[in-house]
Amino acid sequence: MRSFPRVNPQRIEPPRRPFTRAEQALIARLNTPSKVQRWLNALPYNTEKGGESQRSFRPVARLRTAHCMEAAMFAAVVLEQHGYPPLVMSLESQDWLDHVIFIYRTRTGWGSVARSRDPGLHGRKPRFRSPRALARSYCDAYVDYTGRVKGFGVVNLAEAMGSYDWRLTTRSAWKVEQMLIDLPHRKITTSNRRYWQLLRRYKSYRAAHHDRKPIYYRGRDRWEPLPQEFRRKRTGG
23 MRSFPRVNPQ RIEPPRRPFT RAEQALIARL NTPSKVQRWL NALPYNTEKG GESQRSFRPV
83 ARLRTAHCME AAMFAAVVLE QHGYPPLVMS LESQDWLDHV IFIYRTRTGW GSVARSRDPG
143 LHGRKPRFRS PRALARSYCD AYVDYTGRVK GFGVVNLAEA MGSYDWRLTT RSAWKVEQML
203 IDLPHRKITT SNRRYWQLLR RYKSYRAAHH DRKPIYYRGR DRWEPLPQEF RRKRTGG
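Each step along the sequence shown adds one to the number in this note's numbering, with nothing skipped, and position 19 is 41.
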């Protein structure tokens, strides 16, 4: 029987870390999940043209670019300093192209901070009753030519990584990626009928709009604001 890690969303005492003055100033400015989301939205997405990477907070803050897992680790480090436990969620897909997001809980519910090449896979406002409900909010927007959410896992990076320097290492944090791959994921079941409907609609939309990705999904009132690149044109359909 698989054992799922227990997570505690209660506020924490921020750990002391050797941040530079510039890093301290950035962290002080980004004192809410929404502010972190807006900061990440303004960055160019890391397409790894120079080779695969899993950058920690420090190189992301310096280079000003991040992909999904790098954004999640950045958010975890910044918001840990404001009392949020460093919780990340791994969304497992049938095509092995998983998505990693930072998650948190407030009095109004669970929310997330995330960065993606797909508009529907960014952050969510803290309006979800549980991590599972939050994970399910990504299911529709995950459907593309190959993607479909089949599970989710949640882990506290501070507890899972022990003494490994996932926060500030200047090398790629491959150990974090491997930990998330090995993490037990809870199954998410979605309707096959709805999946095929979403897939057909996605294919039809992309055939008509080669340079855009859809944002026509339900529940958009619970999305955090999208990066400008997804707001310049009308992308509903």
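Ideal Cβ placement from N, Cα and C applies to all residues, glycine included.
Of the choices the options, whose alpha-carbon is the least far from that of residue i?
| i | options | result |
| --- | --- | --- |
| residue 239 | 184, 140, 116 | 140 |
| residue 249 | 64, 52, 120 | 64 |
| residue 70 | 54, 90, 61 | 90 |
| residue 234 | 128, 86, 253, 212 | 253 |
| residue 157 | 244, 220, 237 | 244 |
| residue 67 | 137, 41, 34 | 137 |
| residue 60 | 38, 113, 134 | 134 |
| residue 33 | 128, 210, 212 | 128 |
| residue 149 | 210, 241, 38 | 241 |
| residue 50 | 86, 80, 104, 194 | 104 |
| residue 164 | 108, 80, 48, 210 | 210 |
| residue 175 | 115, 58, 102 | 115 |
Using the rule of at least 16 other Cβ atoms within 10 Å of the residue's Cβ for burial, across every protein chain shown, is residue i buried or exposed?
| i | result |
| --- | --- |
| residue 152 | exposed |
| residue 83 | buried |
| residue 203 | exposed |
| residue 30 | exposed |
| residue 258 | Any reading at residue 258 is ruled out, since the residue's pLDDT is 41, under 50, leaving its predicted position unreliable. |
| residue 117 | exposed |
| residue 160 | buried |
| residue 222 | exposed |
| residue 75 | buried |
| residue 38 | exposed |
| residue 77 | buried |
| residue 145 | buried |
| residue 213 | exposed |
Could you have a look at residue i and say whether DSSP puts it in helix, strand or coil?
| i | result |
| --- | --- |
| residue 79 | helix |
| residue 56 | helix |
| residue 245 | strand |
| residue 234 | coil |
| residue 96 | helix |
| residue 176 | strand |
| residue 258 | A caution first: residue 258 carries a pLDDT of 41, below 50, which makes its placement in the model unreliable, though a value can still be read off. Residue 258 falls in the coil class under three-state DSSP. |
| residue 198 | helix |
| residue 23 | The predicted model places residue 23 with a pLDDT of 43, which falls under 50 and marks its position as unreliable; any figure quoted below should be read in that light. Three-state DSSP puts residue 23 in coil, outside helix and strand. |
| residue 47 | helix |
| residue 217 | helix |
| residue 252 | helix |
| residue 74 | coil |
| residue 190 | coil |
| residue 224 | helix |
Per DSSP, which one or two residues make a beta bridge with residue i?
| i | result |
| --- | --- |
| residue 121 | 113 |
| residue 134 | 125, 146 |
| residue 209 | 173 |
| residue 67 | 88 |
How about residue i: is its C-beta nearer than 7 Å to some C-beta of chain B?
| i | result |
| --- | --- |
| residue 235 | No chain B appears in this structure, which consists of one protein chain only. |
Three CB pairs or more closer than 8 Å across the stretch 170-187 and the stretch 198-205: yes
Touching by the beta-carbon criterion (3+ pairs, under 8 Å), the stretch 105-125 and the stretch 223-230: no
The stretch 158-173 touching the stretch 89-109, judged by at least three CB pairs closer than 8 Å: Three or more beta-carbon pairs separated by less than 8 Å are not found between the stretch 158-173 and the stretch 89-109, which leaves the two stretches without contact.
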